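Chains as they are written, first to last, in UniProt numbering: chain W, 1 to 172; chain D, 1 to 84.
Here is the structure:
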């Protein structure tokens, strides 16, 4: 299973005031609030953690079919971090989702997956090759393998990211 | 405050966060904040904070988890107002 979330940084500044009273407390756990307070750039950390929660929620929602607004129950940890990439995990209701976040000057993009080994198999695809199932969730059909692959689509501001887990059989 | 008054007040709160004017103009109890009004999920927390201010209530985490459509929001606001 896969989920992704892209945040257009300029768009987020137009849409959200993360410094608003109560905003941080309603959506971030105490540990996450400490990460934000201690970050070199707190604004970017807010949106890194938010995109991790959103990407992980998409996997959670796909697995459980439960729709709910649960930012505080999607608990983020950062595993490793360099200047433009962050690996982390999000735990929700006993399930662990592994995340990979790319930072660019203009956007933050997180991919969450349920199986750790799939993190190396993520590919970006064109939206046109995806279809939507009866729940409105995107997938990629593969007529040669007579199978479907889950896909995830995220739009925000100037950006659209469409991802799937590549099937190793496709490489043959 | 009756249900119609709550919905009217809620509608004003929602306005700045929706880009879907058609769904907004035709808002009913069944309107979903994300699926129908295309509200960004990061702005749902703004709506919750605005509700807290406008109605002078506190929305706790359990209530927040269900706050996805007009009907549930109205139910939660009604319950909170009755507790005052």
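Cβ atoms here follow ideal geometry from the backbone N, Cα and C, with glycine treated the same way. Model, not experiment: these values are computed from the prediction.
Checklist entry - Counting only beta-carbon atoms, is residue 170(W) nearer than 8 Å to chain D? => result With a pLDDT of 45 at residue 170(W), under the threshold of 50, the modelled position of this residue cannot be trusted, and the question is left open.
Item to check | Cβ distance (whole Å) where residue 4(W) is taken to contact residue 163(W) below 8 Å | outcome: 5 Å
Checklist entry - Between the stretch 40-56 of chain W and the stretch 44-58 of chain D, are three or more C-beta pairs nearer than 8 Å? => result no
Checklist entry - CB residue 64(D) to CB residue 57(W), shorter than 8 Å? => result no
Next on the checklist: Between which residues of its own chain and residue 161(W) is the CB-CB distance below 7 Å, once the five residues before and five after are set aside?
Outcome noted: 4, 6, 109, 124, 154
Checklist entry - Going by the C-beta, is residue 86(W) closer than 7 Å to any heavy atom of the ligand PLP? => result In the structure shown, the ligand PLP is absent, as is every other ligand, since no ligand is present at all.
Item to check | Ordered list of alpha helix (DSSP H) runs contained in the stretch 14-44 of chain W, each at least 4 residues | outcome: 23-27, 30-38
Checklist entry - If we count the other Cβ atoms within 10 Å of its Cβ and call it buried at 16 or more, is residue 150(W) buried or exposed? => result buried
Checklist entry - Apart from the five residues on each side of it in sequence, which residues of its chain come closer than 6 Å, Cβ to Cβ, to residue 36(D)? => result 23
Next on the checklist: If you follow the beta strand (DSSP E) that residue 155(W) is in, where does it begin and where does it stop?
Outcome noted: 147-156
Checklist entry - Among 83(W), 87(W), 63(W), 30(W), which one has its Cα closest to the Cα of residue 71(W)? => result 30(W)
Item to check | Pair within 8 Å by beta-carbon distance, residue 131(W) and residue 145(W) | outcome: no
Next on the checklist: Can you look up residue 84(D) in the DSSP assignment and give me helix, strand or coil?
Outcome noted: coil
Item to check | As assigned by DSSP and simplified to three states, the class of residue 45(D) | outcome: helix
Checklist entry - Since residue 74(W) contacts residue 90(W) with CB under 8 Å, what's their CB separation in whole angstroms? => result 5 Å
Checklist entry - What whole-angstrom Cβ distance do residue 42(D) and residue 104(W) have, given they're in contact under 8 Å? => result Actually they do not touch by this definition, with Cβ atoms about 19 Å apart.
Next on the checklist: Given this structure, state the Cα-to-Cα distance separating residue 20(W) from residue 138(W), to the nearest angstrom.
Outcome noted: 34 Å
Next on the checklist: Could you check whether the Cβ of residue 87(W) sits closer than 8 Å to any Cβ belonging to chain D?
Outcome noted: no
Next on the checklist: Quick check: what's the CA-CA separation for residue 92(W) versus residue 33(D)?
Outcome noted: 23 Å
Checklist entry - Which same chain residues, not among the five before or five after residue 4(D), have their C-beta less than 7 Å away from its C-beta? => result none
Next on the checklist: For residue 46(W), count the other beta carbons within 10 Å of its own beta carbon; 16 or more makes it buried, fewer makes it exposed. Which is it?
Outcome noted: buried
Checklist entry - What residue from 140(W), 114(W), 147(W) has the CA that sits closest to residue 126(W)'s CA? => result 140(W)
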